[in-house]
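Enquirer: The structure under discussion is supplied below as structure tokens; questions concerning it will follow.
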């Protein structure tokens, strides 16, 4: 089964998720500077979620690039990932509207955690049907970052009971962690070979 | 006429339908656990509809994969299917907001029923222009599941007058029915041949 | 310049337009049959606009299929068409909410008229850069239907001052007019040749 | 790394941004002519933003057409551009609702400015990995228009303190500036060669 439509559908869903989040940035009715103030936490939540979804799209893009074929299990594992990603906008809005109070911060972390688990299941499903495909194995690697993210997310949820800013700092840390090494691997790939479009 | 744009447009519409449903999960204004409680039935409805739309996308994907060409009748049969699918979000929201009371449950079943009929019309339209295409015939099969779903949906609508939970159980049953055999057929296909992307 | 991304972008915009219209079907808060009643005119408007957008997508699909290349003027002519189509959801909602009273019915007709004009400009722009392309000339034809639609729409707007139901009947007439001949041309094409995907 | 999915994802996001802006044109509840009046500034904002997004899509289309491959830095530079574009709908709505008062006009200019900067970063990132690609260098050129736009936008923000209509006039000027030369370059390209799809 070709992977083209799976990529197209996932692109569509991720593009919509990343864009409808902005609808939560409700337009203030006055044109004063102070009327923008309540939007600040909502905006910070939006920025963080935008980056997370960008990371997911980038990783999905890399992984599917190395994939040769898909099957029904992959379709469902992918749908499972999209389901958890689709809940990010509501968790983002709840967290932003309530100025990062405990419960929304925990829910946000929980949904990121489930998305991480779903991504892991998807990658394992793909590896199982591509035994012998070295490119895919390299693209996914030992998934140390994925496992580490899950551990940090669990920690973030627990430490929210100490202070929610610890959780927020850990969410930001994960984003940075994914942002930087991606570029490092990239540079290595570039030196090795230049892939034509 | 090529099938590429038909697939792209259908992917777009289905991706949007599956994602805008989440907009009905209205953000609660308080950050308390009990403020999430009214969201539970809405969330359950969302989950069920997400699975139904995932099933439709998977089936559409399978069927169109075996298709070689399309014509104007197919375009309209496909639009007809998308029309009924586009009504799922509103039926989902109504059902969730009213805690699965009778009328919304019936409307939900009715829209699923019409989508099922529309899918059947689409598959028959495709078969008619592909006489001699064995792959398509296999992909669609005798459509026993499709016919059975329609019967169960009619039953679910009638039995809602006894109790709406019977209807809901039947809706879940159909979802399970489609989820499992899909994977069984898949495994058979995998053993037979591995389709490259 | 390739036509691929133009088609993809247009598909995306048209898919979103056709789907966000359903957001105007606001969920009633009660689960009573009479609470669905105010939705009836909104639903009829939705159905009509869905069919119009389906016709536009089908025609766009047919026309672009015959096109070999595009240029900057085509990109802008296409954007112009998408602009008027993007206003259909708001005109639809206004017409539905106000039970087809005069002003919304006129505005709806005006936007359809402008979309028709925009489509005509797009087709002429395409013909100008494809001199000698017989397939495109056939796909567009003398555009008698397009010109007739514009005349009927102007008539519908004028006759709204007699009664808005005349306008509505004419809007439905145009939809039927496009729906039927499409299939006739199709059948002719089918007899002549079967285009592989 | 192929550029196909990058284009598809960007198309998706830009298609959604350009379309959800229309949701801010809230349907008036009465069917009177005067009830459309408050929509006029919102409509003008919508029209301006639609044209800006069309320009961005056109330029993105031209630039990516000349691109042969992308890397991780390009993915992030592209996401950065999409982020600022995603904020255009809210700035548009705020500006329209407040009848072009100073603060919203400044915010609108600021977001256009940041989008311009993000586009410049994207183009530079692409040039850096395509040393020796003359087609891309031509497509981007010395980016005089891009730099000029940034200067005019800074000016527009400063001059908003004199009068906001000066800023608005400058925003319109930039749109015209991009709209016209695009067609001039195009005509030159057309005379030289006809690119097949």
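Protein chains in written order, with our numbering: chain G, 1 to 197; chain A, 1 to 197; chain Y, 1 to 197; chain X, 1 to 197.
We put the beta carbon where it would ideally sit given N, CA and C, even for glycine.
Tell me the start and end of each unbroken alpha helix (DSSP H) in the segment 75-120 of chain A that is at least 4 residues and wholly inside, in chain order.
Expert: With a minimum length of 4 residues, the continuous alpha helix (DSSP H) runs that stay inside the segment 75-120 of chain A are 88-97.
Enquirer: Counting only C-beta atoms, is residue 152 of chain A closer than 7 angstroms to chain G at any point?
Expert: Translated into the one-based positions of the second chain, residue 152 of chain A becomes position 152. So no, residue 152 of chain A is outside the interface.
Enquirer: Is it true that the CB of residue 93 of chain Y sits closer than 7 angstroms to the CB of residue 42 of chain X?
Expert: Counting from 1 along the fourth chain, the entry for residue 42 of chain X is found at position 42. Counting from 1 along the third chain, the entry for residue 93 of chain Y is found at position 93. In this structure, residue 93 of chain Y does not lie closer than 7 angstroms to residue 42 of chain X by Cβ.
Enquirer: Would residue 61 of chain G count as contacting chain X if we go by Cβ distances under 7 angstroms?
Expert: Working through the first chain from its first residue, we reach residue 61 of chain G at position 61. Yes, its Cβ sits closer than 7 angstroms to a Cβ of chain X.
Enquirer: Please state the DSSP three-state secondary structure of residue 197 of chain G.
Expert: The residue you call residue 197 of chain G lines up with position 197 of the first chain. Here residue 197 of chain G scores only 33 on pLDDT, less than 50, and its place in the model should not be relied on; the value that follows carries that caveat. Note: residue 197 of chain G maps to coil in three-state DSSP.
Enquirer: Can you name the start and end residues of the alpha helix (DSSP H) that residue 51 of chain Y belongs to?
Expert: Sequence index remark: in the third chain, residue 51 of chain Y carries index 51 (1-based). Here the alpha helix (DSSP H) through residue 51 of chain Y covers 39-66.
Enquirer: When the Cβ atoms of the segment 74-86 of chain Y are set against those of the segment 85-100 of chain A, are three or more pairs found closer than 8 angstroms?
Expert: No, they do not touch.
Enquirer: Might you give, ordered along the chain, the residues of its own chain that have their beta carbon closer than 7 angstroms to the beta carbon of residue 193 of chain Y, omitting 5 neighbours on each side?
Expert: Translated into the one-based positions of the third chain, residue 193 of chain Y becomes position 193. Caution is warranted here: a pLDDT of 44 is assigned to residue 193 of chain Y, below 50, making its placement in the model unreliable, and the coordinate value is therefore given only provisionally. Taken in chain order, the list of residues that qualify is empty.
Enquirer: Residue 5 of chain Y touches chain X at which residues, Cβ-Cβ below 7 angstroms?
Expert: Here residue 5 of chain Y refers to the residue found at position 5 when the third chain is read from its first residue. Correct list: 7, 11 and 61.
Enquirer: Using 7 angstroms as the threshold, is the C-beta distance between residue 159 of chain G and residue 149 of chain G below it?
Expert: Here residue 159 of chain G refers to the residue found at position 159 of the first chain. Here residue 149 of chain G refers to the residue found at position 149 of the first chain. Result no, Cβ atoms of residue 159 of chain G and residue 149 of chain G do not sit closer than 7 angstroms.
Enquirer: Considering residue 2 of chain G, what are the terminal residues of the alpha helix (DSSP H) in which it resides?
Expert: Within the first chain, numbered from 1, the residue matching residue 2 of chain G stands at position 2. First-last for residue 2 of chain G: undefined, no H or E at that position.
Enquirer: Kindly say whether residue 25 of chain G, judged by its beta-carbon, lies nearer than 7 angstroms to any beta-carbon of chain X.
Expert: For the purposes of this step, residue 25 of chain G is identified with residue 25 of the first chain, where counting begins at 1. It does: the Cβ of residue 25 of chain G has a partner Cβ on chain X nearer than 7 angstroms.
Enquirer: With distances taken Cα to Cα, identify the nearest neighbour of residue 180 of chain A among A:37, A:9, A:55 and A:16.
Expert: The count along the second chain starts at 1 and reaches residue 180 of chain A at position 180. It is A:55.
Enquirer: Mind pulling the chain Y residues with CB within less than 9 angstroms of residue 32 of chain X?
Expert: As a first step, residue 32 of chain X is located in the fourth chain; it is residue number 32 there, counting from the start. Per Cβ cutoff of 9 angstroms: 103.
Enquirer: Anything in chain Y within Cβ reach of residue 93 of chain A, meaning under 8 angstroms, just list it in chain order.
Expert: Position 93 of the second chain, counted from the start, is the residue given in the question as residue 93 of chain A. 27, listed in chain order.
Enquirer: Identify the continuous alpha helix (DSSP H) that holds residue 23 of chain A and give its terminal residues.
Expert: Residue numbering aside, residue 23 of chain A sits at position 23 when the second chain is read from its first letter. No alpha helix (DSSP H) holds residue 23 of chain A; DSSP gives it neither H nor E.
Enquirer: Could you give the first and the last residue of the continuous alpha helix (DSSP H) run that contains residue 155 of chain X?
Expert: Start at 1 with the first residue of the fourth chain, and residue 155 of chain X comes out as number 155. First-last of the alpha helix (DSSP H) with residue 155 of chain X: 144-159.
Enquirer: Which chain A residues are close to residue 178 of chain Y, counting only those with a beta carbon under 8 angstroms from its beta carbon?
Expert: Here residue 178 of chain Y refers to the residue found at position 178 when the third chain is read from its first residue. Under the 8 angstroms cutoff, chain A gives no residues; its nearest Cβ is about 11 angstroms from residue 178 of chain Y.
Enquirer: Taking any Cβ of chain X, which residues in the segment 41-66 of chain G have a Cβ under 7 angstroms from it, in chain order?
Expert: Listed in sequence order: 50, 54, 57, 58, 61 and 65.
Enquirer: Could you give the DSSP three-state label for residue 131 of chain Y: helix, strand or coil?
Expert: Here residue 131 of chain Y refers to the residue found at position 131 when the third chain is read from its first residue. Three-state result, residue 131 of chain Y: coil.
Enquirer: How about residue 87 of chain A and residue 51 of chain A: are their beta carbons less than 7 angstroms apart?
Expert: Here residue 87 of chain A refers to the residue found at position 87 of the second chain. Here residue 51 of chain A refers to the residue found at position 51 of the second chain. Their beta carbons are not under 7 angstroms apart, which means residue 87 of chain A does not touch residue 51 of chain A by this criterion.
Enquirer: Apart from the five residues just before and just after residue 36 of chain A, which ones in its own chain have a Cβ nearer than 7 angstroms to its Cβ?
Expert: As a first step, residue 36 of chain A must be located in the second chain, where it is residue number 36. Taken in chain order, the residues that qualify are 28.
Enquirer: In chain order, what residues of the same chain lie with their CB nearer than 6 angstroms to the CB of residue 107 of chain A, ignoring the 5 residues before and after it?
Expert: In the second chain, the residue the question calls residue 107 of chain A occupies position 107. These residues qualify, in order along the chain: 91.
Enquirer: Quick one: is residue 176 of chain G buried, meaning 16 or more other Cβ sit within 10 Å of its Cβ, or exposed?
Expert: In the first chain, residue 176 of chain G corresponds to position 176, counting from 1. When all chains shown are included, residue 176 of chain G counts as exposed.
Enquirer: Determine, for residue 114 of chain Y, whether the minimum Cβ-Cβ distance to residues of chain X falls below 7 angstroms.
Expert: Along the third chain, read from residue 1 onward, the residue named residue 114 of chain Y stands at position 114. No, because no Cβ of chain X sits closer than 7 angstroms to the Cβ of residue 114 of chain Y.
Enquirer: With a CB to CB cut of under 6 angstroms and the five nearest residues on each side skipped, what residues in its chain are close to residue 125 of chain Y?
Expert: Residue numbering aside, residue 125 of chain Y sits at position 125 when the third chain is read from its first letter. 73, 74 and 77, listed in sequence order.
Enquirer: Measure the C-alpha to C-alpha separation of residue 53 of chain A and residue 89 of chain A and round it to an integer number of angstroms.
Expert: Residue numbering aside, residue 53 of chain A sits at position 53 when the second chain is read from its first letter. Residue numbering aside, residue 89 of chain A sits at position 89 when the second chain is read from its first letter. Cα-Cα distance, rounded: 10 angstroms.
Enquirer: Kindly indicate which three-state DSSP category residue 15 of chain Y falls into: helix, strand or coil?
Expert: Within the third chain, numbered from 1, the residue matching residue 15 of chain Y stands at position 15. DSSP places residue 15 of chain Y in helix when its eight states are reduced to three.
Enquirer: Is residue 31 of chain G helix, strand or coil by DSSP?
Expert: In the first chain, counting from the first residue as 1, residue 31 of chain G sits at position 31. If DSSP states are grouped into helix, strand and coil, residue 31 of chain G belongs with coil.
Enquirer: Residues of chain A with a CB under 8 angstroms from the CB of residue 97 of chain G: which are they?
Expert: Sequence index remark: in the first chain, residue 97 of chain G carries index 97 (1-based). Here the neighbours are 27 and 29.
Enquirer: Are there any heavy atoms of the ligand NAD lying less than 6 angstroms away from the beta-carbon of residue 93 of chain G, as far as the coordinates show?
Expert: This structure does not include the ligand NAD; it has no bound ligands of any sort.
Enquirer: In whole angstroms, give me the CA-to-CA distance for residue 178 of chain Y and residue 145 of chain Y.
Expert: What you label residue 178 of chain Y is simply residue 178 of the third chain in a count that begins at 1. What you label residue 145 of chain Y is simply residue 145 of the third chain in a count that begins at 1. Looking at the two C-alpha atoms, the distance is approximately 8 angstroms.
Enquirer: Looking only at its own chain, which residues have a Cβ that is under 6 angstroms from the Cβ of residue 114 of chain A, when we skip the five neighbours before and after it?
Expert: For the purposes of this step, residue 114 of chain A is taken as the residue at position 114 of the second chain. Counting only Cβ-Cβ distances below 6 angstroms, and skipping sequence neighbours, we find 84.
Enquirer: Select from Y:133, Y:25 and Y:143 the residue whose C-alpha is nearest the C-alpha of residue 59 of chain Y.
Expert: By 1-based counting over the third chain, the position of residue 59 of chain Y is 59. With distances taken between Cα atoms, residue 59 of chain Y lies closest to Y:143.
Enquirer: I'd like to know whether the C-beta atoms of residue 21 of chain X and residue 46 of chain X end up nearer to each other than 7 angstroms.
Expert: On the fourth chain, residue 21 of chain X is found 21 positions in, with the first residue counted as 1. On the fourth chain, residue 46 of chain X is found 46 positions in, with the first residue counted as 1. Closer than 7 angstroms, so yes.
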